[in-house]
Amino acid sequence: MVNSEKITKIVLISVSLLIIVIAGGMVFSLFGGAIPSFKEFGLKFIVSNNWNPTEGKENYGALPFITGTLLTSVLALIIALPLSFSTSLFLGEYYRNKRISKIIGTMVDLLAGIPSIVYGLWGFYVLRPFLVSLGAPNQGFGVFTASIILAIMIIPYATSLSNEIIAMVPSDLKEAAYSLGATRLEVVLNVTVPAARSGVVAGYILAFGRALGETMAVTMLIGNSNLVPKGLFATGNSMASLIANQFGEADGLKLSSLIAIGLILFILTGIINAIGKFIIKKME
Amino acid sequence: MKKMKLFVPVLLFLFVMASCQSSNKSKESTEAGSTKKVALTAAGATFPMPFYNMVFKNYTSETGTLLTYGGIGSGGGIRSLTDKVVDFGATDAYLSDDKLAEMPGEVVHIPTCMGAVVIAYNLPGVDGLKLSDVLLEKIFLGEITKWNDPALKANNPGLALPDKDITVVYRSDGSGTTYIFSDFMSKISQKWADNLGTGKSLNWPAGIGAKGNPGVAGTISATEGTIGYIGSEYSFAMSIQTAKVQNSAGNYIDPSIESISASAQGELPADTRIMLTNSDDPESYPISGFTWIILYKEQAYDGRTPEQAKATVEFLNWLISADAQAVAPKVHYAPLPAKAVETAKQILKSVTYEGKPILK
């Protein structure tokens, strides 16, 4: 009895330690790989908008990709916010446990299971021509198109978490509000949403993190031009998409610069998570 | 609690099973190795991949030598050879003198076939577009932005060019195809040479990027008004329109096996390191090039066996033979000219194992 307890403990501890070692090793190798690039360009690497891989003229700056990543992710979040918030209220409050909400809930979860390459294909062959017919420039490639696809991709992440939290708000609270004469809308706005807000915010942070790292669907639609986007409809590139595109042929300084961009993406994701945790704590 | 008790043995059991299986596998593979079947690994350029896929398979079925090729790009091929993880690499851009000096051993180049980089575009009903030096420069630098630009119209009388935006599509990943194209552009345009230069990836001023030859070809075929450069086989396979390109004699030439071959009529250096773009021959297609396989001159390294070295050189010797070269036109590559085969043979004869030549 005691023995099996011990074994279980040891197994669990060593597996958890292994994960820490793996994560630490990744940070370590990212740092190591990025050193030559930071040595060459210093902090200018982050603020320079020049990405020139031609031999003899090599010069690398991450600004176009940092702006591209942040712009598409923030825009995606803004587009996804009203859609997923309404959906989660519908599923978790208004039509809770009804058949229609089960069907819609399943559909939303299904969205999360679609591989990103399929989103990319749909965006490339369906959404992009549609936007072109509405007059979008650059054959429909650009930040805006990529953001729409990203928004659709992150909706299930934001929805299913906040939907569950909203459904979990104790009915005592709501009934108390009703007994005081509140209307349904007042109950939702003054009781349900405030009680569920930390969970709802957590859902959106999860969704935002997913948007930051998305690679395949973005690279198929953003246009992959290594310039700071000049507007919402301009082409650009994101950090993850640049790495996916260029690592294969890269060596020397270029490889180091790509690893440095990977490190920046890693740190950025960390910062976003920390901010999210901070907000959640404040709200509780 | 009961569940926990069960959980641990089950986990252990799975571990043991997994390790058993992997040790079984490794045993099998060593047994396969001892039956004298040599396996060769190669990686590199995607440009000649349709040709390599075909001939590698033929060779395996004829001789039993197992061949695997990874299309990871020219740069990746060079790096794999540097790291000594492949028996030979493949590249569309030859190694510069600096790069050769950096390699851990002496490296030789074996040309394997010739191909063209075509200017592919998508304008339904507009066939046989002719592009001069100046037009190519202005389109790819983003200075001409409309298909019905007066300069384009003047060069193509009789073609109904539409009032549409031109969208340039280029490679977003590093590529030998880009290298050949930019080498040609640098030769015909001073402005290009000054601003973009020659390289496997460039700092493009206009247009959109797509990944790999298949990515650029797919984007062009799906989008009206686009223009870009791709390996010729990709445009033939997807039946995308290609432009006639003006060569240095002033003639507008379609990419074809004959016009690609014509570009290699000049002298060839002893190490075959030469770019064939912008050839003097009046019949030549000007964006043509060799593609090479690279390997170490001394094959005894990293514990490679004499069998492995012998298989490598024998395969390459077969690859430049008439048998293998006859396959090239089927996938729209031009076979090597006779003198290139002769030069390549001399180079192969210089490859050694522990100082002794492998090929007699």
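Protein chains in written order, with the numbering used here: chain A, 7 to 290; chain B, 879 to 1238. The beta-carbon is built from N, C-alpha and C at its ideal position, and this holds for glycine as well.
Problem - Where residue 269/A falls: helix, strand or coil (DSSP) - result: Of the three classes helix, strand and coil, the one that applies to residue 269/A here is helix, per DSSP.
Problem - At least three beta-carbon pairs within less than 8 Å, the stretch 977-993 of chain B to the stretch 1171-1186 of chain B - result: They touch, by the three-pair rule.
Problem - Between the CA atoms of residue 939/B and residue 906/B - distance to the nearest angstrom - result: Confidence at residue 906/B is low in this model, with a pLDDT of 40, below 50, so the placement of that residue is unreliable and no value is reported for it.
Practice task
Select from 1226/B, 935/B, 994/B, 948/B the residue whose C-alpha is nearest the C-alpha of residue 923/B.
Solution key: Of all alpha-carbon atoms in 1226/B, 935/B, 994/B, 948/B, the one lying nearest the alpha-carbon of residue 923/B is that of 948/B.
Exercise for the section: Please decide whether residue 1089/B counts as near chain A, where near means a Cβ-Cβ distance under 8 Å. Expected result: yes
Problem - Within chain A, the residues that residue 1050/B reaches when beta carbons sit closer than 7 Å - result: 230, 251
Handout entry: Nearest candidate by alpha-carbon position, reference residue 917/B, set 928/B, 1227/B, 926/B, 1192/B
Key = 1192/B
Practice task
Inspect the beta-carbon positions of residue 969/B and residue 1054/B and report whether they are closer than 8 Å.
Solution key: yes
Practice task
Could you tell me which chain A residues have their CB closer than 7 Å to the CB of residue 1082/B, listed as they occur along the chain?
Solution key: Within 7 Å Cβ-Cβ: 231.
Problem - Cutoff 8 Å: residue 1078/B Cβ touching any chain A Cβ - result: yes
Problem - Pairwise C-alpha distance: residue 1211/B and residue 942/B - result: Answer to the nearest angstrom: the Cα atoms are 26 Å apart.
Exercise for the section: Would you verify that the beta carbon of residue 894/B is, or is not, closer than 8 Å to some beta carbon of chain A? Expected result: Because residue 894/B carries a pLDDT of 46, less than 50, the predicted location of this residue cannot be relied on, and the following value inherits that uncertainty. It does not: the Cβ of residue 894/B has no partner Cβ on chain A nearer than 8 Å.
Exercise for the section: Output yes if chain A places a C-beta closer than 8 Å to the C-beta of residue 969/B; else output no. Expected result: no
Exercise for the section: Would you verify that the beta carbon of residue 61/A is, or is not, closer than 8 Å to some beta carbon of chain B? Expected result: By this cut-off, residue 61/A is an interface position.
Exercise for the section: Look up residue 973/B in the DSSP assignment and say whether it is helix, strand or coil. Expected result: coil
Exercise for the section: Say whether the stretch 71-91 of chain A touches the stretch 155-173 of chain A, bearing in mind that this needs 3 or more beta-carbon pairs closer than 8 Å, one atom from each stretch. Expected result: yes
Exercise for the section: Taking a Cβ distance cut-off of 7 Å, strictly less, list which residues of the stretch 239-271 of chain A are near chain B, in chain order. Expected result: 241, 251, 252, 254, 255, 256, 257
Practice task
Would you identify the three-state DSSP class for residue 1226/B, choosing helix, strand or coil?
Solution key: In this structure, residue 1226/B counts as helix in the three-state DSSP scheme.
Practice task
Report the rounded CA-to-CA distance for residue 901/B versus residue 1182/B, giving the unit in angstroms.
Solution key: Bear in mind that the predicted position of residue 901/B carries a pLDDT of just 43, short of 50, making it too unreliable to give a figure here.
Exercise for the section: Could you tell me the boundaries of the alpha helix (DSSP H) in which residue 132/A lies? Expected result: Careful: residue 132/A lies outside any alpha helix (DSSP H) and carries neither H nor E.
Handout entry: the stretch 1058-1072 of chain B contacting the stretch 234-250 of chain A, beta-carbon criterion three pairs below 8 Å
Key = no
Practice task
Indicate whether at least one CB of chain A lies closer than 8 Å to the CB of residue 1017/B.
Solution key: False, the Cβ-Cβ gap to chain A never drops below 8 Å.
Problem - Any C-beta of chain B under 8 Å from that of residue 57/A - result: yes
Exercise for the section: Note down the Cα distance separating residue 275/A from residue 1005/B, rounded to an integer number of angstroms. Expected result: A straight line joining the alpha-carbon of residue 275/A with that of residue 1005/B spans about 49 Å.
Practice task
Check distances from the C-beta atoms of the stretch 133-167 of chain A to those of chain B and list, in chain order, the residues that come in under 9 Å.
Solution key: 134, 135, 138, 143, 144, 145, 146, 147, 148
Problem - Proximity of residue 162/A and residue 114/A at Cβ, strictly below 8 Å - result: yes
Exercise for the section: Measure the C-alpha to C-alpha separation of residue 1216/B and residue 1158/B and round it to an integer number of angstroms. Expected result: 19 Å
Handout entry: Three CB pairs or more closer than 8 Å across the stretch 1021-1028 of chain B and the stretch 1125-1137 of chain B
Key = no
Exercise for the section: Spell out whether any CB of chain A is found under 8 Å from the CB atom of residue 1143/B. Expected result: Residue contact with chain A for residue 1143/B: absent (no Cβ-Cβ distance below 8 Å to any residue of chain A).
Problem - Counted within 10 angstroms of its Cβ, other Cβ atoms place residue 1153/B as buried (16 or more) or exposed - result: buried
Handout entry: Cβ contact (3+ pairs, closer than 8 Å) linking the stretch 1078-1095 of chain B and the stretch 1104-1121 of chain B
Key = Yes: at least three Cβ pairs fall under 8 Å.
Problem - CB contact flag (residue 1120/B, residue 1209/B, <8 Å) - result: no
Handout entry: Where the beta strand (DSSP E) through residue 1124/B begins and ends
Key = 1122-1124
Exercise for the section: Figure out for me which residue from 256/A, 234/A, 278/A has the closest Cα to the Cα of residue 217/A. Expected result: Nearest Cα to residue 217/A within the set 256/A, 234/A, 278/A: 278/A.
Exercise for the section: Could you pull out every unbroken beta strand (DSSP E) segment of at least 3 residues lying fully inside the stretch 975-1022 of chain B, listed in chain order? Expected result: 985-999
Problem - Proximity to residue 1155/B [Cα-Cα], best of 975/B, 950/B, 1177/B, 1064/B - result: When each option's Cα is compared against that of residue 1155/B, the closest is 1064/B.
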